[in-house]
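Read through the structure below, which is laid out as structure tokens, and then see the notes.
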Amino acid sequence: MAEGRIRLKSIKAVVANAVTTENVLSFREEHIHNITPQFVPNVFQGVDVLEKAKFRRLIITLDSEDSLFGAPGAEVNYFVAAINIVIGTIVAQFYIADNTGDYETWTYIADKSWVEKKEFGRIEDGARRNTFEYSVIMYGTKVIAKVEV
Amino acid sequence: MTELVFDKVNNVKIDYTAVAGQFVTITNVLAFAYRIVTVEEGMVWPIAVINDYNPSGVHHSHKYYEMLMVLDTDWLKDTADPTSRWAYGPNGQPVNAAGTKFAIDEDGANTAIEYFVVSIREHDNTATTLTFANVDTDVVWCVGEETDISNEDGTPHQTVTYRFICLGEMQ
Numbered sequence: 001m002a003e004g005r006i007r008l009k010s011i012k013a014v015v016a017n018a019v020t021t022e023n024v025l026s027f028r029e030e031h032i033h034n035i036t037p038q039f040v041p042n043v044f045q046g047v048d049v050l051e052k053a054k055f056r057r058l059i060i061t062l063d064s065e066d067s068l069f070g071a072p073g074a075e076v077n078y079f080v081a082a083i084n085i086v087i088g089t090i091v092a093q094f095y096i097a098d099n100t101g102d103y104e105t106w107t108y109i110a111d112k113s114w115v116e117k118k119e120f121g122r123i124e125d126g127a128r129r130n131t132f133e134y135s136v137i138m139y140g141t142k143v144i145a146k147v148e149v
Numbered sequence: 001m002t003e004l005v006f007d008k009v010n011n012v013k014i015d016y017t018a019v020a021g022q023f024v025t026i027t028n029v030l031a032f033a034y035r036i037v038t039v040e041e042g043m044v045w046p047i048a049v050i051n052d053y054n055p056s057g058v059h060h061s062h063k064y065y066e067m068l069m070v071l072d073t074d075w076l077k078d079t080a081d082p083t084s085r086w087a088y089g090p091n092g093q094p095v096n097a098a099g100t101k102f103a104i105d106e107d108g109a110n111t112a113i114e115y116f117v118v119s120i121r122e123h124d125n126t127a128t129t130l131t132f133a134n135v136d137t138d139v140v141w142c143v144g145e146e147t148d149i150s151n152e153d154g155t156p157h158q159t160v161t162y163r164f165i166c167l168g169e170m171q
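Which chain is which? The protein sequence lines are A and B, in order.
Those letters in the first sequence? Residues 1 to 149, per our numbering, in order.
Those letters in the second sequence? Residues 1 to 171, per our numbering, in order.
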């Protein structure tokens, strides 16, 4: 067993609710640990950390728009008045930096999710890219697997 | 005084015990950074101390280090297994085969990192080590992870950034 690096080359696609989106410009995952350092009063050195909730924020930027969370006409309703509909599974696929075409899948299995915001999608004549950015926060599990082609 | 100009990160050695030889030696480090954070809220402003006036009852501000480690994607415990990320277990498993918890537990308390030594190279090629922990003292924790993967033209690296705190003194 030898340790070593894993390098990813690019984004293959993002699959949410079984709908595949390939015009993904960037993918960002923030695994946020809400942690507070604990200190002995009047003593410099800390003693422990107080752990609170952990959650993930996924920020997905598309090159132009697509139906990211569901088939066209059946997307997740971002404005539902009751508890948010859970985006069941989001799969990000990344090509591994070799010439085989193999890719990794990062599967986020959401127990709870919330479409936090959708940034301005600006459409401008002559712009290099017209991007739409989605931001989702979620509780759940992340599973990494490798797909060999 | 001697000025140290840091040029490159050779490696970062991390493990959950201070037993020599058991740590991972991460070499694909694009950048390492640290800063001192002062907890201001609820504390007395340090101006009085700066001005050499220390009124009775002043509480010294508590401080800690915050460290960032930026990797060229990520580091594996086993290159034959792409799920063997050094910091967390596959499929959300919180415990590794040896019964030790990982640095990041998805749904529970993170394990303290007991060994955290950064080896850097100065501009004149001399080696310097920054030791944040090397004995079992429960002062270093991983407190976050950020991944950035981009298809934009000209993106030089796809990065994973780990965030740590150290409640002790760097040596």
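Even glycine gets a Cβ: it sits at the ideal position worked out from N, Cα and C.
Small disclaimer: the values here were computed from a predicted structure and weren't measured.
Selection from B:129, B:15, B:35 and B:10 that minimises the alpha carbon distance to residue 167 of chain B: B:35
Alpha carbon of residue 64 of chain A to alpha carbon of residue 131 of chain A, nearest angstrom: So the two alpha carbons sit approximately 5 Å from each other.
Residue 115 of chain B at chain A interface by Cβ criterion, 8 Å: No, residue 115 of chain B does not count as interfacial toward chain A.
CA nearest to the CA of residue 111 of chain B, picked from A:24, A:11, A:48 and A:25: A:48
Residue 72 of chain A, buried or exposed, once every other Cβ within 10 Å from all chains shown has been counted against 16: exposed
Residue 2 of chain B: first and last residue of the uninterrupted beta strand (DSSP E) it sits in: No beta strand (DSSP E) holds residue 2 of chain B; DSSP gives it neither H nor E.
Cβ pair residue 67 of chain B, residue 132 of chain B closer than 8 Å: yes
Simplified DSSP assignment, three categories, for residue 37 of chain A: Per DSSP, reduced to three states, the secondary structure at residue 37 of chain A is strand.
Own chain partners of residue 143 of chain A with C-beta closer than 6 Å, once the 5 adjacent residues on each side are dropped: 107
Cβ contact (3+ pairs, closer than 8 Å) linking the region 87-105 of chain A and the region 15-34 of chain A: yes
C-alpha gap between residue 136 of chain B and residue 102 of chain B, whole angstroms: Inter-residue distance for residue 136 of chain B and residue 102 of chain B is about 16 Å (C-alpha atoms, whole angstroms).
Contact set for residue 165 of chain B: own chain, Cβ-Cβ below 6 Å, skip 5 residues either direction: Annotation for residue 165 of chain B: 64, 66, 141 and 143 place their beta carbon closer than 6 Å to its own, counting only its chain and skipping 5 residues before and after.
Contacts that residue 133 of chain B makes with chain A (C-beta to C-beta distance below 7 Å): In chain order: nothing, as chain A lies at least about 12 Å away.
Candidates A:122, A:12, A:119 and A:84: closest to residue 151 of chain B by CA position: A:12
Alpha-carbon spacing of residue 119 of chain A relative to residue 123 of chain B, whole angstroms: 43 Å
CA-to-CA distance, residue 82 of chain A to residue 186 of chain B, given in whole angstroms: Nothing about residue 186 of chain B can be read from this structure; chain B reaches only from 1 to 171.
Within-8 Å CB hit, residue 68 of chain A to chain C: The structure shown contains no chain C; the protein chains it does contain are A and B.
Proximity test, Cβ basis, 8 Å: residue 125 of chain B and chain A: no
Of the residues B:155, B:7 and B:162, the one placed nearest residue 125 of chain B, counting alpha carbons only: Selected option, being the one with the closest Cα: B:7.
Per-residue burial, residue 138 of chain A [other beta carbons within 10 Å of its own, 16 or more giving buried]: Classification for residue 138 of chain A: buried.
Given residue 104 of chain A as reference, the closest of A:114, A:39, A:145 and A:129 once Cα atoms are compared: A:145
Residue 13 of chain B: first and last residue of the uninterrupted beta strand (DSSP E) it sits in: 6-15
Any C-beta of chain A under 8 Å from that of residue 122 of chain B: no
Euclidean distance between Cα positions of residue 37 of chain B and residue 35 of chain A: 14 Å
Within 8 Å, strictly: CB atoms of residue 106 of chain B and residue 17 of chain B: no
Beta-carbon contacts of residue 119 of chain B that lie in its chain and below 7 Å, excluding the five residues immediately before and after: 10, 11, 127 and 129
Residue 28 of chain A versus A:4, A:126 and A:59, residue with shortest Cα-Cα distance: A:59
Residue 76 of chain A to residue 113 of chain A span [Cα, whole Å]: 11 Å
Short-range partners of chain A found in the region 141-158 of chain B, where Cβ spacing is below 7 Å: 141, 143, 144, 145, 146, 147, 148, 149, 150, 151, 152 and 158
Between the CA atoms of residue 20 of chain A and residue 68 of chain A - distance to the nearest angstrom: Spanning the two alpha carbons is a distance of roughly 8 Å.
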